[in-house]
Amino acid sequence: MRSMVDAILHPAAVLRPCGDSVEFIATNCRFDQFLLDRNAEPSPGDEAQRAGWIPRIHAVAMGQEDALQFDLDYGSALGPRTYSASVARIVLPGGSGPLALFTAIDRSDASRIEKVLRRELLTDMLTALPNRAGFLEEVETRDARPQVGHAIITVDLVRFSRINESLGSIAGDEIIITVARRIKSILRAGDVLGRVGGNEFAIHSTDVSGMDDVLQIANRVRAALATPIRISSYLINVEAAVGCALANGDEDDAEELFRRAQAAVKRSKQSGAFEVYRPSTLIEAQERFNLESRLRDALAQDALHLDFQPFVSLATGEVVGFEALARWNDAELGFVSPVKFIPVAEESGLILPLGRWALRKAAEHLAHWDRQFGGRVPLTLNVNVSPVQIARDDVADAVREALLASGVDGARVTVEVTESALVTDIDKTRRLLNALKAMDLTIAMDDFGTGFSNLANLQMLPIDVLKIDRSFVNGMVDDGDKVAIVRAILSLAGALGMRTVAEGIETAEVGQALADLGCDRGQGYHYARPMSADDAFAFWRDRYKPAT
């Protein structure tokens, strides 16, 4: 029997059931060394007794159960060791009674590699914090322990992509590392911080008794990020949205709690305030997700269309141009307002294909009007460009493609940008506007007066038209302050050599007042609501008076 186990290349022993224990009746030298390596650790027989394996070993030896497999972990003089052990029945000639063969395969190296790989799989390499999978696993583990209450607080760095685009990914990595260090420094003992996305962190806080505790954590996070971060010669202000989800009880698993916290932080990005998850928050997030999914399909199927709202010369009443406006009628959702789907498009990145589609379609419609008219229609067409498009897309290339495909001259197209585009990245915006001017496009600043434009920047940029926001126009006849603001904008535009357009004109009285103040063009329901391409052409044609 000894010769049989000696032939086995791993530690091996023949076991025989003996009362409430087992007897080792033959071992090989590797098994003997295996016992020596274990130092003062319990013997396999002791461990088997303690683990309740003895009845099963008896059953295996008597053929009542299949082979038994288990792991053995212990410390040795060489460090932690892991063995994969098995017990199988053996039958020897001569009727020697029920026997079993114990073998142990050293898996220590493989186990160490598995642990290293698992640690890497669950760890963010940049910050050495748990990644999303590691964070959720940690929450699951900690959630199993008794505690007063717990919560997940998510922190999202707002407009972080601007930093990568402007300063490069290395600068972005430095900011992520600094943010991680600052947040970690303000956490309580026992709190866990993870980096759960490119620019998103999450905190799992235990022993949370209520809203006051999480509010304190949120305030400490914001205070930690209030000081600008120095990157080379730049001081970067980091703005963070903070959202929280409090556990309701044992029914909340880690994934669900984390999902609720993410819904709260998305709401925080919109509101600018600390947000706590409410059932309606998740419903809104689900609605936005559904809206994004259907918008993606609509773009793929070319299911959106453009409507057109006219611009009218306030001096002559002549229709001089149209603004192209994206519209969406969904088979399931019905009419979806741009106020709803444009923010979703910007957040999801769908604004890039949507913006290119709008430029292309607008140019195609203008070319189609030329063919209907039998010549070049004396109209300009305005197309809106989102700040997100300017930040993430090559807008000049998109315009160039649209003009080439339609054969439309750039001088007939006006691109509208908002003040927020200037605030985001003035240098990139200047380069874009200069590229557009090189194609003879007209540049209009939309919603002027509602943002934070620096007048020096306004003077440096090649802007041709200021559009006065409807908030100053609506009801201005009865509001002296609004009249003063409009007069100031018109005076500024005149000094800078810019033309002006007033939005939101709803009465003839307001239109006349703007004309008296010297505003060039007007737009609003008083003249016409947005209409289809065919209706817009007919609207213009009915009012067109060719020069004699």
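Residue numbers (my numbering): 267 to 814.
For every residue, glycine included, the Cβ atom is placed at its ideal position computed from N, Cα and C.
Nearest-angstrom Cα separation, counted from residue j out to residue i
i	j	result
Val674	Asp568	22 angstroms
Val445	Ser537	22 angstroms
Ile751	Asp735	11 angstroms
Asp573	Lys703	26 angstroms
Pro494	Asp479	26 angstroms
Gln299	Ala370	12 angstroms
Glu505	Leu395	21 angstroms
Arg642	Pro576	17 angstroms
Gly760	Arg753	10 angstroms
Ala325	Asp337	19 angstroms
Ser269	Pro277	13 angstroms
Thr766	Phe805	23 angstroms
Ala306	Tyr340	Because Ala306 carries a pLDDT of 45, less than 50, the predicted location of this residue cannot be relied on, and the following value inherits that uncertainty. Going by the C-alpha atoms only, they are around 10 angstroms apart.
Asp477	Leu557	This sequence places Met at residue 477; Asp is not what is there. Rounded to the nearest angstrom, the two C-alpha atoms are 31 angstroms apart.
Ala273	Arg355	17 angstroms
Phe368	Glu380	25 angstroms
Phe803	His634	10 angstroms
Lys606	Ala592	12 angstroms
Leu392	Asp713	41 angstroms
Lys450	Ile497	20 angstroms
Val542	Arg637	56 angstroms
Gly777	Lys733	14 angstroms
Asn595	Gly676	30 angstroms
Beta-ladder partner(s) of residue i, from DSSP
i	result
His571	Arg593
Glu541	Gly509
Ile469	Ile419, Leu459
Gly788	Val578, Ala768
Arg554	According to DSSP, Arg554 bridges with nothing at all.
Glu612	According to DSSP, which records beta bridges pairwise, Glu612 is partnered with nothing at all.
Ser352	Gln335, Thr369
Run of the beta strand (DSSP E) containing residue i, from where it starts to where it stops
i	result
Thr708	708-714
Lys733	731-734
Ser287	287-293
Val679	679-684
Val700	The sequence as given places Asn at residue 700; Val does not occur at that position. Segment 692-704 is the alpha helix (DSSP H) holding Asn700; no beta strand (DSSP E) there.
Arg496	495-497
The alpha helix (DSSP H) enclosing residue i, as first and last residue numbers
i	result
Ser537	520-537
Val749	746-761
Pro619	617-639
Pro321	320-327
Assumed close pair residue i, residue j - CB separation to whole angstroms, cut-off 8 angstroms
i	j	result
Ala333	Val357	Not really, about 14 angstroms apart at Cβ, beyond 8 angstroms.
Ala507	Val424	6 angstroms
Leu512	Gly415	7 angstroms
Leu632	Arg678	6 angstroms
Ala768	Gly788	5 angstroms
Top-ranked residue by Cα proximity to residue i, from the options
i	options	result
Ala611	Gln638, His634, Asn595, Gln655	Gln655
Glu613	Asp339, Lys535, Leu512, Ser475	Lys535
Ala264	Ala492, Ala484, Val504	What is shown of the chain runs 267 to 814, which leaves residue 264 out entirely.
Val647	Val665, Ser672, Val681	One point to set straight first is that residue 647 is Leu, not Val, in the sequence displayed. The shortest Cα separation from Leu647 among Val665, Ser672, Val681 belongs to Val681.
Met764	Ser757, Arg753, Asp730, Ala779	Asp730
His439	Ile502, Glu589, Lys811, Lys694	Going by the sequence as given, residue 439 is Asp instead of His. With distances taken between Cα atoms, Asp439 lies closest to Ile502.
Ala564	Val776, Trp623, Thr773	Trp623
Thr582	Cys284, Val271, Asp786, Arg282	Asp786
Leu699	Leu670, Ala657, Asn740, Ala671	Ala657
Tyr793	Ala774, Ala799, Val665	Ala774
Leu570	Ile608, Arg554, Glu550	Ile608
Ala351	Gln330, Ile323, Arg454, Ser362	Ile323
Leu599	Lys627, Ser559, Asp519	Ser559
Ala399	Glu521, Arg526, Ala664	Glu521
Ile549	Leu281, Asn740, Arg526	Arg526
Ala366	Leu727, Val271, Val280	Val280
Ser652	Ala629, Glu685, Leu669, Phe639	Glu685
Cβ-heavy atom distance, residue i to the ligand FMN, below 7 angstroms
i	result
Ala759	In the structure on display, the ligand FMN does not appear, and there are no ligands present to speak of.
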